Structures are given as C-alpha cells and as structure tokens.
Amino acid sequence: MAVTLAQAINAALADAMEADDRVLMFGEDVGRLGGVFRVTDGLQARFGEQRCFDTPLAESGIVGTAIGLAMYGWRPIAEMQFDGFTYPAFEQIVSHLAKMPNRSRGTVKLPVTIRIPYGGGIGAVEHHSESPEAYWAHTAGLKVMTPGTPEDGYSMMRAAIADDDPVIFMEPKRRYWMKSEAELPVETEPPRQAVVRREGTDATLVCYGPMVRTALEAAEAADDEGWSLEVLDLRSLAPLDTAALIDSVERTGRVIVIHEAAMTLGLGAEVAARIQERAFYHLESPVLRVTGFDTPYPPAKLEEYWLPDVDRILDAVERSLRY
Amino acid sequence: MAVTLAQAINAALADAMEADDRVLMFGEDVGRLGGVFRVTDGLQARFGEQRCFDTPLAESGIVGTAIGLAMYGWRPIAEMQFDGFTYPAFEQIVSHLAKMPNRSRGTVKLPVTIRIPYGGGIGAVEHHSESPEAYWAHTAGLKVMTPGTPEDGYSMMRAAIADDDPVIFMEPKRRYWMKSEAELPVETEPPRQAVVRREGTDATLVCYGPMVRTALEAAEAADDEGWSLEVLDLRSLAPLDTAALIDSVERTGRVIVIHEAAMTLGLGAEVAARIQERAFYHLESPVLRVTGFDTPYPPAKLEEYWLPDVDRILDAVERSLRY
Amino acid sequence: MSEDVPEAIELLPPSEPVHLLDPDGTYHEDPDHPLDLDDGQLRELYRLMVVTRKVDREAINLQRQGQLGVYASCMGQEAAQVGSAYALTAADWIFPSYRELGAALVREVDAVGLLQLYRGTWLSDHDPYVHNFGLMSIPIGTQALHATGFAMGARFEDNPLVTMVYFGDGGTSEGDPHEAMTFAGVFKAPVIFFVQNNQYAISVPLKRQTAAPTLAHKAVGYGLPGYRCDGNDVLATYAVTRKAVERARSGEGPAFIEALTYRMEAHTTSDDPTRYRSKEELEEAAKTDPIARMRNYLTQRDLYDDTFENEVDEQAKDTATTVRAGIYDAPHGDPMELFEHVYRDPSGYFEEQRERLRAELAGGEG
Amino acid sequence: MSEDVPEAIELLPPSEPVHLLDPDGTYHEDPDHPLDLDDGQLRELYRLMVVTRKVDREAINLQRQGQLGVYASCMGQEAAQVGSAYALTAADWIFPSYRELGAALVREVDAVGLLQLYRGTWLSDHDPYVHNFGLMSIPIGTQALHATGFAMGARFEDNPLVTMVYFGDGGTSEGDPHEAMTFAGVFKAPVIFFVQNNQYAISVPLKRQTAAPTLAHKAVGYGLPGYRCDGNDVLATYAVTRKAVERARSGEGPAFIEALTYRMEAHTTSDDPTRYRSKEELEEAAKTDPIARMRNYLTQRDLYDDTFENEVDEQAKDTATTVRAGIYDAPHGDPMELFEHVYRDPSGYFEEQRERLRAELAGGEG
Ligand SMILES: Cc1ncc(C[n+]2csc(CCOP(=O)(O)OP(=O)(O)O)c2C)c(N)n1
Ligand SMILES: Cc1ncc(C[n+]2csc(CCOP(=O)(O)OP(=O)(O)O)c2C)c(N)n1
Ligand SMILES: [Mg+2]
Ligand SMILES: [Mg+2]
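Line by line, the protein sequences are chains A, B, C and D.
The first sequence begins at -6 in the working numbering and counts up by one.
The second sequence begins at -6 in the working numbering and counts up by one.
The third sequence begins at 484 in the working numbering and counts up by one.
The fourth sequence begins at 484 in the working numbering and counts up by one.
What follows is the structure in structure tokens.
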C-alpha cells in the first residue's frame, strides 16, 4: 500500500501511543487540527485530549514543560510547528534538554522527542524553510535524526520515541507527500547507521533528509554520463556514522556532501573534516559541498536558485572526478 | 603602559561613545556596577544613564530592543552577561538581527554590536563557560569577531562598533586580565584578516580568542622539540580569512585547529573543510583538531581535563608530523 | 525611571470593553471617549475599511489563482486595524505582524509591495522609512521588541513619536511581548501594544491560550494601563487608541489595548477552519460585522448616500484592480539578489558563491 | 480547561502583604491565615532558619578559603525559604534556583551534596528523586517550566502532589516564567510560583526590573491568584504558601506568591555590592531580620529558653561542621565522568574521545 512520509510518521506516533500510554504528543495545533501538515491527524480523537493536546503559542514553554513532564515520568513528543520557530526554544533545548542527563549525573532521564518539520522547497514564506540541524548536531547531549524515506519515517520515529535520550527528530517537510510501497509497521536499520541507498564506484553522494531523493535522482542522471555514484543516507546527524563514511570513501575515493543548510559550518563541514581526518590517503579529490548558500533563505520564487539540485550535484561530481 | 584586555575593551567602548553620541551601551548590570567583569566600568558615570544603562533581566529583550534602537538610528552595543545566557536571545539574533538587512532589501541597516564574554578556564559554575561561536558563524548575515590580544580588543571593538553590519563580538573572558604593553588608541589589522602571530615552517596552529595564547605557548614549547610552528590567529570567525589559511598551509603543509568549543561542528570543522577543499595537494597530513570534547562543559574542577592545553596541542603536532 | 508606581486599579481594564456603536449603527455617547472626528473623517474610516476588505478579497483570489503563495486575511478585523492606525499621526511608527493589510492601507503603503512577501518575490518590498511602517513579522510577537526599542530610541531624544505594534491573542503567550512590555514599562517607552483578539491562533481558541480574565489584564503586570475595546466598532477602537496614543505622546508611557474581534476567514489560505470551528459560530460572528455597522451609523447620520456608496465602491474596485494588475505584472525577483544586503563588504568566499550562481545563470542552467 | 474564568478582583493581591509577626515578635491574628502549627512546629521553623544561616555562613567561609568556587548566600531570606518549603508535604516537589539552601535543608537535602555545584566538583550531587528536590538551575527562570510540566504530569494522572518553583524578582522579567504561568493557568497545573523579591537582581534594583505596582500583580494576567507576604515573617510566609498549596492540591490550580525580603549578602561571593547599595540601606534592612523576629515571638510565647537555644545552636554548629568536613573531604570529581550520562549508547567517535582522555590520564599527563 502506498504510504507517504507524513502518513508513516503519523502511524508511528499512533502505534507508539498505543504501545505505551506514557507517550504524550503536544504542540501548537496538533490536536483538533491534526497539525498544519496533518502529521498528528486523528491522534486526539483516538487517544483523548490528554494524550494529544494543543498548547499555548510558546515554544520555550513547549520544550520546557516537555522536560518537566519527562522528569515526572511521561514520554513527551513535542512538535515545533516549523524549523524557524524552534529558535525561541533554543535555551531550553541547549541548556537543559541536552545537558540535564549529564548534569544530574544520570539521575534524570529525558526521553523527549522534539519533532521539527524542516527545510525548504515548498514555496513557504520566510522562517518556514530553515535547516537548523547543525545547531543541534553541534550541541553535545542531543541525538539528531532525520528520515529520507517513508519507511524510515516510521521506523526511526519509533526508535526516537523509544530512546531514553533526548532526540531531535527533523522531518523533511518537502518530502511529506513522498510515497513508498511500505507495509507498516516496518523496522529499518537502527537509526544511527548510515545506509547506502544506491551502490556506486566513482564517487559518494553523502546526503540526508530532503536531499536523499535529490541525490538519488542525481545518481540516476549520472548514469547517463557514465558515472557510477554511491548514495549514502546519513539518517543520524548526531552521532554521525563515521565508519560508514570511511567505508564508502574507501570504495569510491571521492565525496560530495549535500544539504540545504548554509555551507559554512553545515553538516558538510563535519563530514569533510572527519573524512580527511580518517581517510586521508583514500581521498582522490577534496570532499566537495553542494549546499545552500551562505545567505538567508530566500523568498519562495527564488528558492530553486538557492536549493541544491541535480545539476549542481552533477557539476560537483564532475569537478570531483576531474580534480 | 601595561593594559589588560578588559581595560582595552573598556577604552574602546569609551572612545567610541566619545566619538559618536549615537553609540549606546546596555545590558544587565553594565551601569552602576560596570559589568560583572568591569568591562563597562565608568561608562555610566561618564556618559550618563541614557548612554549606558541597565536593562531588565531578559536577553531576548536586550537584543530585540537593540534592533529597534538601531532601526531608529542609534548604534547599540548590547552586552550578554555570559555566553550561556545568549541562548534566550537566539531567535532575535538568528531570525532578525542576522536577516533584517537582507529581508528589508537594504532599507534597514542594523549597526548592532553584541558583546559576549565566552569560554572557560575561570572556574565558573555551569552555563558560564560556553563557546557558542559556531552557532553564530553558521548563521548567514552575522559577522563574528574575537580578539586574542589587548591591542585587538581595542581595535577590533572599535571596528565592530563602526561596522554597519551586525557584529557578534566574542570576548575571551579568561584572557580579560592578560596584559600587553599597548599604547591606546591602537589600530591593528582589519578584523577580517587572520594574523600570523608567530612564523613557523613545520605546521600551522590555527586558533582564536582564548586559545591564541595557549597556541603561542605550545609553539614555544615545540621549539624544544625542534618543531617550528606557525601560529595563525583567525580574529574573524565569520567571515573566515580563507586566503590566509591557504597561504599558511602552502608554507607548512600541516594544520592543527584549536578551540574550546566541542569538536563536532566547531569552527575546526569548517577550517578543515575549507583547507582540504582549497589546498588539497599542499596538505601533507590531515587537518587535526584539538578542541573541547563532545560533552557538556564540565564542572570547574574538571575543566582542565576538558580544555585544550599545550600538551594536547603538542601531541596533535606530533601526530601530524608523524603522519 | 518608574519612580512613581501607578495604582493598580487605574491600570485594570473596565469590566466592559469600550463600545460606541451597536451593530445596527446606534451610537452611544461615552464621556470618557468623546468623538473628535468630523464628517469627512467618519466617511474616511468607512472608506478605508471597505477598500481593505476589497483588497483583502482580491488577495485571497490572487492566492487561489496561484499568484500568491499564501495569504493571511484580515476580514472581520478591518475596524480594529483601521480604527487604531487612524489614531496615529504620519510620524508615528507601525510594527505589524503579517495580517495588517488594513493598517497598511491607512498608511498608504502600496499593497502590491506589501503582498510581495506572500507572492514570494522578495522578503519585503517596501521601505519602512517611507511610511513609517515596519516589515511584516512572521515569528510571533518578536516585533513587539523592535517597536519598544524604537520607542525607547525616540524618547531618548525627546522625539514625540509613538510606536504601535500589532500582534494577536496567540502572540500574548510568547516570551517576547512579555519582555517588550517589561522594557516598555521600565523605560516609559511610548509604545502601544495593540492586540487583535480574533479568538484564534490558527486552530487554538483563546481559552487554550490563557486563563486570564481578559488579555487586557496582563497590562497591570507591567505597570501599563490595559484597555479593551469592541474591535468591530471602528469608533470605539479609534477613540481608545487615540487616548492611549496621546497619553504615550505626552510622556506617560506605554499602554496595552485588547481589541475584541473575530477572524472571519481561515488563518491563512493554507488553513482549513472547518476542522475546528462551526458554521454556526461563524454566522454568529458575521452579525457583528464592522463595515455594516459603520454603514448603519453613517446612514443614521445622513452621511451615507448613493453618491458616497458609488464613490467608495469605485475606489475599492480601482484599488483592487491596481493591486491585481500590479501583482500579475510584478517581475519575478532577480536570483542574484540572494547575495544582496547580506554583508556590506562580502568576503571572497561569499563572492565565489555569488559568482557560481552568476555563472550558472549565464549558462542557462538555473 | 479554563472554562470558568475567575473574577479579576479575586486574583489581585491585597493592598498590604500578609504579615503576622512584627519585628519585635508581636503576633497579629489574621482570620484568613489562622495558625495551624503546634509548638514543636513553631520551634522547628526557628531551628531550620538558624541552621540555614549557620550553614550559609559556613559556605561563605568555605568560599573564602578556596573550598568553593563561588557561593550565592540566602542570608536574610531564611524565612521566605523555610516558611514556604515547610508548607509542602514530602511528596511535593521543589524546583529551586541557585539560592535555596534554606528550602533544601527543610527537605533534608544533604548540603554537602548541594554545594558540590559551587565547589565545582560535579554539576550536581544529589538525586532529585530522593527528596523531590530538583537540580539547582542557573539560567534564570528556566526551571519554572520544568516545575509546570512536572505539575501537569502529576495532574494528568490525578497524583495530588504540588510543585513549587523558586525564582527571583529579576527572574520575573524573563520569557520562561511568563510562558510557565501561561501554561500553568491553561492546564490548571498544581504549581506554586514563589518569587523571593529580595529587591535586587545582582546590582539592578526592582524599579529597573518592572514598572508593575507589585510583582504579585503579574498573576492576574495568567488567571492566577497573586499573593503577597512579608517574606521576613516565617509565619506569614508559611500561612500564605499553605493556602496556595492546598488550593492547588484541591484542583483549583496554580498560584503566584511574592515574598518581600532582602538579600543581606552580596549577590554571590564574586559580587561587590558596595558599588550599588549603601550601608544605610543595609542597616535598615537588618532591622527586619527574620530570625530575630521569630525568636522574639517564641520568647513571647515562652517557647524560647536556654535549653532550646543551646540545642539549636548545637545543631547548627554540628551541621555546619559536618558540611565543612564534608566539603574538605569530598573527593575531586573523576575526570572520566566527563563522558558519563551524555548518551546512553555512545558512538564510536565519542568513545575515541573518552579513550584519548583515559590514555592521557594513564600517561600521567592531564
Ligand atoms: C514563533 C512562532 N511560532 C509559531 C508560528 C506559527 N504560527 C503562525 S501564525 C500562528 C498563530 C498566531 O495566532 P495569533 O497570535 O492569535 O494571531 P492571528 O494569526 O490570529 O492574527 C502560529 C502558531 C510562528 N509564526 N512563529
Ligand atoms: C538567562 C540568564 N541571564 C543572566 C544570568 C546571570 N545572572 C545570574 S543571577 C542574576 C540576577 C538574578 O536576580 P533575581 O532573579 O532577582 O534572583 P536573586 O539572585 O536576587 O536571587 C543574573 C543576571 C543568568 N544566570 N541567566
Ligand atoms: Mg488570533
Ligand atoms: Mg533578586
């Protein structure tokens, strides 16, 4: 049966709530409305107003009360309505959610999942297309996951909720409507493993979330040029699956990292840094980055010029191969 | 005359306020008390309660009103009392301060300077020793500067205040009491240039802020081992002086990046990514990183085990040379 | 700066919102809010509301036709916006949220420019300094601090301007308006916090937003007077705002106004309000329509006749047509603008990214 | 959840803070706050305050001797803390800021463990679940949300516990307590927001913090009752808190309490208060000392005699000595703990960092 990413995540939430009545889901408009992307559709009707509820319009409040609820013994899933609106919650995420298990010397556990629809490509107004994953991945104490397929949407969400550490779950919103012939429930690889989505020998495209599909399209297109590209889906951005990166580089010798976030200090920086550190002699050309520009996210009509696309990826592949 | 970094910054603030009566200085405890580090000492007495004033305890409020004041035509300098307390202001910094000049199509200019004492090494309690510079450097639209000497403290602060773009001015608090025989006023190199603090031929230590002195000490110590180390002080973290990095690598072939912030996605990641991208064939060994660990900042009695020090740097140099 | 703490009782809202016009147009005198508007001005208020509604409708249509990516309608809130903005002078500043088409039209901000944000052409297309009308602000409540800082800045040099910031009932829950009111109170900043309580934050009704008796009761916690008005009554809104503005201008400090209104349309064109509110509720709300009410009043005052009606309709239609044409004709943004106004003196690395895009565009790729 | 909106007038603080004891110990009956404490409990309150002051002084000394990195004294605030914490049951939870030694001692939290944060040994050294006493929280006001979430969590399963969060006058300006009170009101969370208004946020006096008539006037803006008490009067503080706690426990929702007190010491041992407040002000404040007042009261009630005095002094001295010894004897933290409790299942990359430190330590380097 064809299932979209949004449906898969919705099913994961429902199944987790069914399996464990300590799981709560809350945020802005997640109740009656079912979320602005309908990812929480039906949860309130099914589990009641206390298991799935709307909050006042205050993101720090949402994350901060999630921490308190988790301290009490609930397993909160909190939705940030959009990427750009996680910023009011930054202090609670960085100073408390990330640190409290450590600063409490293990006495406090925070099995909190923060859901964040992120990234561009849907023609939204400003502040609705941000890719803040590097902020979280730089913050020790947080796990950061992002699915690139409906199957992973289901399976990784279940894993995130089951994880006793705090997890930032980044949902590639432009892929909410992407379909798969998936049978739910499905269990894919453990989230911290990067997965080779396509094997190849000439170069590796490292990608995640919204760019998995773009990378696969680029790899297809590259076939015509006679280039065999491997596509590595990171899935977990923190921790990074360093071993999988090294493995792939040992096979292909060339890497292009792709993400929507700005280039400077985006995930590509860390991927490049680790690869040159660990696979120095395997690299036949520099790790290249195909990313958003170092500018604010542009207006909708210009986002196609900003976002990484197949052409830019192929261009980088060519530069890498010719190096 | 011996002048400390704190005194140099204080003098720069005073001279800027003297030179331009649109310059305002405000934050928590910056008035009567003169700041918890006395960096604003005497400014209120000299310039009056309106030019240097205390605000309510609210960092988003401080940055948000700074934006409004700048829109009106003032040149605000806002102090965040400590690194860890910039997080409540994250949304105002990232969604507005960084973006407004661009989103207003140049009609709004925001000559705002945000002063942030940062970093560890002073035996402080938690949340007082954070190194959040990567968050800002990843954010398009912000300039990020950090002085490593009293002379730069003066000169770069004047430049930051004079800059019509928003500047995050990171002050290495453990170096506030570091002295130089400086004559103030002093004008050093333009802030966006990285500066070679010590020439060397075997490897380059890339550093900034609090680690400049540590790197210089390591370079001294390395002499005994017969290693000639270059010390490159970045000074501007956004933009990065890529050319200076490449230059240095072309001379030495080996690079160790040093910072207090956690390793993953710290500035070292970007430095490594750019160097391997631009100086691939000049690199004789991987760019190595000597940084804080990927853990929350530890309690005071353990910070010495967390912070990069001379031994760790020399260890990395040795690994780099032996590679 | 807050030497003399005001009596709490003076700061609390009255038990009933200020209300001057009944839905049928009957006018009630209120000695605290005498009417200082001449016939021309009364008609002007009506005209502005009608034009607002027409342009608003046009924007919804433009969105349906794919000309706008999304649009947040102000239908039903015309009196709240027009009445309040009309109480300002041209020197005063407005800091809008994303729903203040009516306030913008009072300030003669070009609607075509304003709508470019929703069209996705540019992130903004008006110079705030021309009409003293700030950029639309999407992150909820954040602009309250800009308005406060701006007002502090004016006060610092005895500039008598006042700033007014608009936000919604939902916005009152965010930390930023709280901090803004705290600063405003302490610095006696001449800023008016104007809350359009349209009963919803997307799907979340007011009672899920706060347990306060009324939103205006928040004001006392900052030493601000909390006013309430019937936000569908343009005269009441005007009168209450006027008083607050003059108070602020005379140095007595900031104020908070809650205007009771109702969002007649979806939250934005992307929203489906049938999921969370009933047809009955909507029908009930329609009975308090601000435009009909003012028309009834003008009719009773013999200020409304066919000539005036035609004139207003013509103007509304003309403006809507201009907006429509303007949007259809507006150029797409120039991709090279991505790199503009990010830094005044861009670095080499940044310039390389710019050049890469330029080369792509030249290659006919993008 | 906030179906029945309360009358504003019930939520406003009374014009005078609740006050039961004069500085000379004279007791005033207040029918709204009858005393429900027996002689043993009255003496217990006194004992707890004396022990608190003694341990507090010891902590200051330990800091001077280099045993603590810094310390935030609660001197002068003993009644506010002891009186409020004493109004809770053992099942109730406390979410402190960084100044609540007194509240901790009421809960029998080991002061040696508590002070490890200030010693810099560990970031905390007590298990919050043992005494239902949360971690000290440095980022101002943030813990208000944890207390609120916790209380929501309790209410969700009809657990009758109440949570109490402490923060300061300065803390009321931050966004987080604002959002916490909003949530608490909407969800009727059984949480008490207990503000120790000690007149200063480091150097910033209250009038720079807010223009509100009183801090307790903030409560109405969230639909919470705002109470005020003389925070140097342990009986008044106890009685007011008790009422609020029982109200919350019975399902009537959260409350806000402003306890008027004074910070007799520096903000922390790093602070130099001579820069911003006068000797005269301090002398004036000393006249309202909470401990002397309670002693006077006990004396009047014939509950204070030499035996009791000696007993209390002994206990205070003993506790202080134990704390002193405990701090001197406490091991330094183990550097390898840096890597503990960061992740339950650390990655290889993380483990390599851990191994690098281990190797360094083994090499005698660190
Ligand atoms: C910080 C932030 N969080 C969430 C959103 C998403 N959002 C946009 S409008 C809205 C509701 C706003 O309600 P209200 O303040 O009542 O204003 P109204 O839309 O009714 O005019 C929400 C939640 C946002 N724009 N900013
Ligand atoms: C978010 C944040 N900003 C700034 C600080 C620095 N700081 C520590 S205590 C303090 C003053 C707090 O005053 P108040 O809330 O009145 O509590 P008190 O110290 O008087 O008990 C400040 C500004 C902080 N800890 N957290
Ligand atoms: Mg609303
Ligand atoms: Mg205080």
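C-beta: ideal position from N, C-alpha, C; glycine also.
Predicted model only: the values in this text are computed from it and were never measured.
Tell me whether residue i sits in a helix, a strand or coil according to DSSP, three-state version.
i        : result
C/Met635 : helix
C/Val795 : helix
A/Val101 : coil
D/Glu741 : strand
B/Met107 : The identity of residue 107 of chain B in the sequence shown is Ile, whereas the question assumes Met. B/Ile107 falls in the strand class under three-state DSSP.
D/Arg725 : helix
B/Gln186 : coil
B/Ile2   : helix
C/Lys701 : helix
B/Asp8   : helix
D/Ala845 : helix
C/Lys671 : coil
According to the neighbour-count rule (16 or more other Cβ atoms, all chains shown, within 10 Å of its Cβ), is residue i buried or exposed?
i        : result
B/Pro178 : exposed
D/Ser567 : buried
D/Arg547 : exposed
D/Tyr852 : With chain D covering 484 to 849 only, the question about residue 852 of chain D has no answer from this structure.
D/Val613 : exposed
D/Met498 : For clarity, residue 498 of chain D is Ser in the given sequence; the question names Met instead. Exposed, because fewer than 16 other Cβ atoms sit within 10 Å of the Cβ of D/Ser498.
C/Pro814 : exposed
D/Pro579 : buried
C/Glu820 : buried
Taking Cβ to Cβ, would you say residue i is nearer than 9 angstroms to residue j?
i        : j        : result
C/Ala684 : C/Gly651 : yes
A/Thr288 : C/Phe822 : yes
A/Ile251 : A/Phe162 : no
D/Leu707 : D/Phe739 : yes
D/Pro773 : D/Gly704 : no
D/Ala542 : D/Tyr601 : yes
D/Pro622 : B/His131 : no
A/Ile154 : A/Asp13  : yes
A/Ala4   : A/Lys172 : no
B/Ala59  : B/Lys102 : no
B/Phe83  : B/Ala117 : no
A/Arg185 : A/Ala212 : no
Nearest by alpha-carbon distance to residue i: which of the options is it?
i        : options                                   : result
C/Arg776 : C/Pro506, C/Gln679 and C/Leu718           : C/Pro506
C/Gly816 : C/Gly596, C/Glu843 and C/Asp522           : C/Gly596
C/His750 : C/Glu741, C/Arg760 and C/Leu743           : C/Arg760
D/Ala808 : D/Met647, D/Leu504, D/Leu628 and D/Leu551 : D/Leu551
B/Asp158 : B/Ala196, B/Pro104, B/Leu209 and B/His275 : B/Pro104
B/Glu31  : B/Ala175, B/Gly41 and B/Thr(-3)           : For the sequence presented, residue 31 of chain B should be read as Arg rather than Glu. Ranking the options by Cα distance to B/Arg31, first place goes to B/Thr(-3).
B/Val248 : B/Ile115, B/Gly24 and B/Ala208            : B/Ala208
A/Gly35  : C/Pro818, C/Phe833, C/Thr572 and C/Arg758 : C/Arg758
The stretch 139 to 151 of chain A in contact with the stretch 304 to 313 of chain A per 3-pair CB rule at 8 angstroms: By the Cβ rule, the stretch 139 to 151 of chain A does not count as touching the stretch 304 to 313 of chain A, because fewer than three pairs are nearer than 8 angstroms.
Three or more C-beta pairs below 8 angstroms linking the stretch 268 to 276 of chain B and the stretch 238 to 245 of chain A: Fewer than three Cβ pairs drawn from the stretch 268 to 276 of chain B and the stretch 238 to 245 of chain A lie within less than 8 angstroms of each other, which leaves the two stretches out of contact.
Report yes or no: do three or more beta-carbon pairs, one from the stretch 15 to 25 of chain B and one from the stretch 69 to 81 of chain B, lie closer than 8 angstroms? They touch, by the three-pair rule.
Can we say the stretch 792 to 809 of chain D touches the stretch 528 to 536 of chain D, given the rule of at least three CB pairs closer than 8 angstroms? The stretch 528 to 536 of chain D and the stretch 792 to 809 of chain D touch, with three or more beta-carbon pairs separated by less than 8 angstroms.
Evaluate the contact criterion for the stretch 668 to 681 of chain D versus the stretch 554 to 568 of chain D: three or more CB pairs, one atom per stretch, below 8 angstroms. Inter-segment contact for the stretch 668 to 681 of chain D and the stretch 554 to 568 of chain D is present: three or more beta-carbon pairs are separated by less than 8 angstroms.
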